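Before any comments, here is the structure.
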Amino acid sequence: MHSCYVKDFTGKWEMGKLKTQYHIMIVITKGEITYWINDESIPLQKGDVLFIPSGSIRGGTSTTPDHQRYATHFTIADADLALLPIFSENHYCKTTISGFEYFKQRFLLLKHHWLMRGPYSETTCYAILLELLGIINYERDHWKLPAKKMDMAEDIKKYIVDHYKEAVTLNDLSTYIGRTPNHISHLFKSVTGLSPIDFLHHVRISKAKELMFDKMMPISEIADETGFCDQAYFNRVFKKLTGGSPTAFLKRR
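Residue numbers (the UniProt record's numbering): 1 to 253.
Structure follows, in C-alpha coordinates:
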(Lines of atoms letter the chains of each structure in order from A; the text may use other names.)
(Lines give C-alpha, C1' and ligand atoms only; values in the text may rest on other atoms or scores of the structure.)
Protein backbone atom coordinates (compact mmCIF):
# COMPACT_ATOMS: atom_id res chain seq x y z
CA MET A 1 0.00 0.00 0.00
CA HIS A 2 1.19 3.49 -0.83
CA SER A 3 -1.46 5.62 0.89
CA CYS A 4 -4.67 5.24 2.87
CA TYR A 5 -6.91 8.05 4.09
CA VAL A 6 -10.34 9.20 5.23
CA LYS A 7 -11.09 12.76 4.18
CA ASP A 8 -13.94 15.27 4.44
CA PHE A 9 -14.27 17.71 1.54
CA THR A 10 -16.08 21.01 2.11
CA GLY A 11 -17.16 23.12 -0.83
CA LYS A 12 -16.31 22.49 -4.46
CA TRP A 13 -13.77 19.76 -5.20
CA GLU A 14 -12.25 19.20 -8.61
CA MET A 15 -9.30 17.22 -9.94
CA GLY A 16 -7.83 17.42 -13.41
CA LYS A 17 -7.25 14.29 -15.45
CA LEU A 18 -4.11 12.38 -14.49
CA LYS A 19 -2.69 8.94 -15.15
CA THR A 20 -2.84 6.68 -12.09
CA GLN A 21 0.42 5.10 -11.02
CA TYR A 22 -1.20 2.55 -8.67
CA HIS A 23 -4.51 0.75 -8.23
CA ILE A 24 -7.04 2.88 -6.32
CA MET A 25 -10.06 2.02 -4.19
CA ILE A 26 -12.51 4.85 -3.41
CA VAL A 27 -15.40 4.51 -0.94
CA ILE A 28 -18.07 7.24 -0.84
CA THR A 29 -19.48 7.66 2.67
CA LYS A 30 -21.23 11.02 2.29
CA GLY A 31 -22.40 13.24 -0.57
CA GLU A 32 -21.96 12.70 -4.30
CA ILE A 33 -19.13 13.09 -6.81
CA THR A 34 -18.58 12.37 -10.48
CA TYR A 35 -15.42 10.57 -11.57
CA TRP A 36 -14.02 10.33 -15.08
CA ILE A 37 -12.04 7.26 -16.00
CA ASN A 38 -10.63 7.09 -19.53
CA ASP A 39 -13.24 9.68 -20.64
CA GLU A 40 -16.15 7.73 -19.13
CA SER A 41 -18.32 9.57 -16.58
CA ILE A 42 -19.11 7.64 -13.38
CA PRO A 43 -21.54 9.10 -10.80
CA LEU A 44 -20.81 8.04 -7.22
CA GLN A 45 -22.88 8.45 -4.06
CA LYS A 46 -22.93 7.14 -0.48
CA GLY A 47 -22.59 3.36 -0.48
CA ASP A 48 -20.71 3.20 -3.78
CA VAL A 49 -17.21 1.78 -4.11
CA LEU A 50 -14.94 2.30 -7.10
CA PHE A 51 -11.88 0.26 -8.07
CA ILE A 52 -9.56 1.98 -10.56
CA PRO A 53 -6.77 -0.08 -12.15
CA SER A 54 -3.31 1.40 -12.45
CA GLY A 55 -2.60 3.19 -15.72
CA SER A 56 -6.11 4.64 -16.00
CA ILE A 57 -6.66 8.32 -16.79
CA ARG A 58 -8.82 9.71 -13.98
CA GLY A 59 -10.33 12.99 -12.86
CA GLY A 60 -13.35 14.13 -10.91
CA THR A 61 -15.60 16.80 -9.46
CA SER A 62 -18.02 17.05 -6.56
CA THR A 63 -21.75 17.32 -7.30
CA THR A 64 -22.87 18.16 -3.74
CA PRO A 65 -21.49 20.93 -1.49
CA ASP A 66 -19.75 18.47 0.83
CA HIS A 67 -18.64 14.87 0.58
CA GLN A 68 -16.56 12.33 2.45
CA ARG A 69 -14.57 9.51 0.97
CA TYR A 70 -12.16 6.80 2.00
CA ALA A 71 -9.36 5.93 -0.42
CA THR A 72 -6.26 3.80 -0.73
CA HIS A 73 -3.58 3.57 -3.43
CA PHE A 74 -1.94 0.15 -3.64
CA THR A 75 -0.06 -2.44 -5.67
CA ILE A 76 -0.95 -6.13 -5.89
CA ALA A 77 1.83 -8.71 -5.87
CA ASP A 78 2.23 -10.51 -9.21
CA ALA A 79 1.60 -13.85 -7.49
CA ASP A 80 -1.83 -12.61 -6.34
CA LEU A 81 -3.12 -11.18 -9.62
CA ALA A 82 -5.03 -14.40 -10.37
CA LEU A 83 -6.96 -14.22 -7.09
CA LEU A 84 -9.72 -11.89 -8.35
CA PRO A 85 -11.12 -11.17 -11.83
CA ILE A 86 -10.97 -7.38 -11.35
CA PHE A 87 -7.15 -7.57 -11.41
CA SER A 88 -7.04 -9.11 -14.88
CA GLU A 89 -9.90 -7.20 -16.54
CA ASN A 90 -7.96 -3.90 -16.64
CA HIS A 91 -11.21 -1.98 -16.30
CA TYR A 92 -12.73 0.07 -13.52
CA CYS A 93 -15.30 -1.58 -11.27
CA LYS A 94 -18.11 0.38 -9.62
CA THR A 95 -20.48 -1.41 -7.26
CA THR A 96 -22.78 -0.82 -4.32
CA ILE A 97 -21.92 -2.70 -1.12
CA SER A 98 -24.89 -4.38 0.57
CA GLY A 99 -23.11 -4.71 3.94
CA PHE A 100 -21.80 -1.16 3.77
CA GLU A 101 -21.33 -0.57 7.51
CA TYR A 102 -19.16 -3.68 7.80
CA PHE A 103 -17.16 -2.59 4.75
CA LYS A 104 -16.59 0.86 6.30
CA GLN A 105 -15.41 -0.63 9.59
CA ARG A 106 -12.95 -2.91 7.80
CA PHE A 107 -11.60 0.07 5.84
CA LEU A 108 -11.17 2.07 9.05
CA LEU A 109 -9.25 -0.88 10.51
CA LEU A 110 -7.10 -0.89 7.37
CA LYS A 111 -6.36 2.80 7.88
CA HIS A 112 -5.57 2.20 11.57
CA HIS A 113 -2.95 -0.45 10.79
CA TRP A 114 -1.54 1.67 7.97
CA LEU A 115 -1.00 4.60 10.35
CA MET A 116 0.34 2.48 13.25
CA ARG A 117 3.16 0.97 11.15
CA GLY A 118 3.74 -1.85 13.64
CA PRO A 119 5.91 -4.95 13.08
CA TYR A 120 3.19 -6.81 11.15
CA SER A 121 1.20 -3.87 9.81
CA GLU A 122 2.14 -4.49 6.19
CA THR A 123 0.89 -8.08 6.30
CA THR A 124 -2.27 -7.11 8.18
CA CYS A 125 -3.03 -4.27 5.76
CA TYR A 126 -2.57 -6.53 2.75
CA ALA A 127 -4.89 -9.16 4.22
CA ILE A 128 -7.64 -6.60 4.93
CA LEU A 129 -7.16 -5.01 1.51
CA LEU A 130 -7.63 -8.37 -0.23
CA GLU A 131 -10.76 -8.98 1.84
CA LEU A 132 -12.24 -5.64 0.75
CA LEU A 133 -11.35 -6.27 -2.88
CA GLY A 134 -12.92 -9.73 -2.61
CA ILE A 135 -16.14 -8.13 -1.34
CA ILE A 136 -16.09 -5.69 -4.27
CA ASN A 137 -15.70 -8.55 -6.73
CA TYR A 138 -18.45 -10.56 -5.02
CA GLU A 139 -20.89 -7.65 -5.03
CA ARG A 140 -20.05 -6.80 -8.65
CA ASP A 141 -20.76 -10.38 -9.74
CA HIS A 142 -24.05 -10.51 -7.84
CA TRP A 143 -25.35 -7.20 -9.21
CA LYS A 144 -25.02 -8.79 -12.65
CA LEU A 145 -27.39 -11.64 -11.74
CA PRO A 146 -31.17 -11.39 -12.22
CA ALA A 147 -33.01 -10.58 -8.98
CA LYS A 148 -35.28 -13.62 -9.35
CA LYS A 149 -32.26 -15.90 -9.59
CA MET A 150 -30.68 -14.31 -6.52
CA ASP A 151 -33.91 -14.61 -4.52
CA MET A 152 -34.25 -18.29 -5.41
CA ALA A 153 -30.66 -19.00 -4.35
CA GLU A 154 -31.27 -17.19 -1.04
CA ASP A 155 -34.42 -19.27 -0.48
CA ILE A 156 -32.39 -22.45 -1.05
CA LYS A 157 -29.72 -21.25 1.39
CA LYS A 158 -32.34 -20.49 4.04
CA TYR A 159 -33.95 -23.90 3.62
CA ILE A 160 -30.59 -25.64 3.99
CA VAL A 161 -29.62 -23.58 7.07
CA ASP A 162 -33.01 -24.32 8.67
CA HIS A 163 -32.90 -28.07 7.89
CA TYR A 164 -29.18 -28.94 7.98
CA LYS A 165 -29.77 -31.55 10.71
CA GLU A 166 -32.06 -33.45 8.35
CA ALA A 167 -31.23 -35.58 5.31
CA VAL A 168 -31.62 -32.74 2.80
CA THR A 169 -31.70 -33.91 -0.83
CA LEU A 170 -32.04 -32.21 -4.21
CA ASN A 171 -35.55 -33.65 -4.39
CA ASP A 172 -36.43 -31.86 -1.12
CA LEU A 173 -35.15 -28.59 -2.54
CA SER A 174 -36.98 -29.26 -5.80
CA THR A 175 -40.27 -29.70 -3.95
CA TYR A 176 -39.64 -26.59 -1.83
CA ILE A 177 -38.69 -24.29 -4.73
CA GLY A 178 -40.91 -25.80 -7.42
CA ARG A 179 -38.14 -26.42 -9.95
CA THR A 180 -36.45 -29.59 -11.21
CA PRO A 181 -33.38 -30.90 -9.31
CA ASN A 182 -31.15 -30.14 -12.32
CA HIS A 183 -32.44 -26.58 -12.56
CA ILE A 184 -31.88 -26.01 -8.84
CA SER A 185 -28.37 -27.44 -8.91
CA HIS A 186 -27.33 -25.31 -11.91
CA LEU A 187 -28.95 -22.12 -10.58
CA PHE A 188 -27.46 -22.44 -7.11
CA LYS A 189 -23.95 -23.13 -8.38
CA SER A 190 -24.10 -20.21 -10.83
CA VAL A 191 -24.87 -17.85 -7.93
CA THR A 192 -22.76 -19.28 -5.09
CA GLY A 193 -20.04 -21.28 -6.82
CA LEU A 194 -21.11 -24.33 -4.80
CA SER A 195 -23.57 -27.14 -5.38
CA PRO A 196 -26.46 -27.29 -2.87
CA ILE A 197 -24.91 -30.39 -1.27
CA ASP A 198 -21.50 -28.70 -0.96
CA PHE A 199 -23.20 -25.72 0.70
CA LEU A 200 -24.98 -28.13 3.07
CA HIS A 201 -21.62 -29.66 4.00
CA HIS A 202 -20.14 -26.21 4.68
CA VAL A 203 -23.08 -25.33 6.95
CA ARG A 204 -22.82 -28.64 8.82
CA ILE A 205 -19.07 -28.39 9.35
CA SER A 206 -19.40 -24.77 10.49
CA LYS A 207 -22.00 -25.86 13.05
CA ALA A 208 -19.78 -28.78 14.08
CA LYS A 209 -16.90 -26.39 14.78
CA GLU A 210 -19.20 -24.26 16.95
CA LEU A 211 -20.16 -27.34 18.97
CA MET A 212 -16.49 -28.31 19.35
CA PHE A 213 -15.70 -24.88 20.76
CA ASP A 214 -18.76 -24.51 22.97
CA LYS A 215 -19.56 -28.00 24.24
CA MET A 216 -17.62 -31.00 25.46
CA MET A 217 -19.33 -33.55 23.22
CA PRO A 218 -17.97 -36.80 21.73
CA ILE A 219 -17.28 -36.56 18.00
CA SER A 220 -19.93 -39.21 17.32
CA GLU A 221 -22.58 -37.01 18.97
CA ILE A 222 -21.40 -33.93 17.06
CA ALA A 223 -21.68 -35.89 13.81
CA ASP A 224 -25.22 -36.93 14.69
CA GLU A 225 -26.16 -33.42 15.86
CA THR A 226 -25.07 -31.89 12.55
CA GLY A 227 -26.97 -34.30 10.29
CA PHE A 228 -24.30 -36.79 9.25
CA CYS A 229 -25.42 -40.40 8.93
CA ASP A 230 -22.29 -41.76 10.62
CA GLN A 231 -19.02 -40.58 12.13
CA ALA A 232 -16.84 -41.94 9.31
CA TYR A 233 -18.72 -39.82 6.76
CA PHE A 234 -18.47 -36.81 9.07
CA ASN A 235 -14.70 -37.35 9.40
CA ARG A 236 -14.25 -37.50 5.61
CA VAL A 237 -16.22 -34.31 4.94
CA PHE A 238 -14.55 -32.49 7.85
CA LYS A 239 -11.07 -33.34 6.56
CA LYS A 240 -12.01 -32.40 2.99
CA LEU A 241 -13.19 -28.93 4.03
CA THR A 242 -10.68 -28.12 6.77
CA GLY A 243 -7.61 -30.12 5.80
CA GLY A 244 -7.52 -31.94 9.15
CA SER A 245 -9.45 -34.46 11.21
CA PRO A 246 -12.02 -33.53 13.89
CA THR A 247 -9.68 -34.97 16.53
CA ALA A 248 -6.81 -32.73 15.39
CA PHE A 249 -9.14 -29.72 15.40
CA LEU A 250 -10.19 -30.47 18.99
CA LYS A 251 -6.57 -30.65 20.10
CA ARG A 252 -5.90 -27.19 18.64
CA ARG A 253 -8.79 -25.50 20.45
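In this text, a Cβ means the ideal position worked out from N, Cα and C, and glycines have one as well. Remember, predicted model here, so these are calculated numbers, not experimental data.
Beta bridge pairing from DSSP links residue 27 with 49, 70. For residue 134, the secondary structure class from DSSP, reduced to helix, strand or coil, is helix. With respect to residue 160, residue 191 sits apart: the two C-beta atoms are not nearer than 7 Å. Residue 93 is bridged by DSSP to 51. In the structure shown, the three-state DSSP call for residue 58 is strand. Non-local C-beta neighbours of residue 109 in its own chain, meaning closer than 8 Å and more than five positions away in sequence, comprise 128, ordered along the chain. By the Cβ-count criterion, residue 69 is buried, with 16 or more other Cβ atoms from all chains shown falling within 10 Å of its own Cβ.
Exclusion of the five residues before and after residue 20 leaves 52, 54, 55, 56, 58 as the residues of its chain whose Cβ lies within less than 7 Å of its Cβ.
One alpha carbon belongs to residue 228, the other to residue 112, and they sit about 43 Å apart.
Nearest to residue 98 by alpha-carbon distance, out of 140, 235, 7, 86, is 140. A distance of 7 Å or more separates the beta carbons of residue 1 and residue 93. In the assembly as shown, residue 116 is an exposed residue. Its beta-carbon has fewer than 16 other beta-carbons within 10 Å. The beta-bridge partner set that DSSP reports for residue 3 consists of 73.
The Cβ atoms of residue 28 and residue 48 lie closer than 7 Å to each other. With 16 or more other Cβ atoms from the protein chains shown falling within 10 Å of its own Cβ, residue 84 counts as buried. The count of Cβ pairs closer than 8 Å, one atom from the stretch 199 to 217 and one from the stretch 230 to 247, reaches three, so the stretches are in contact.
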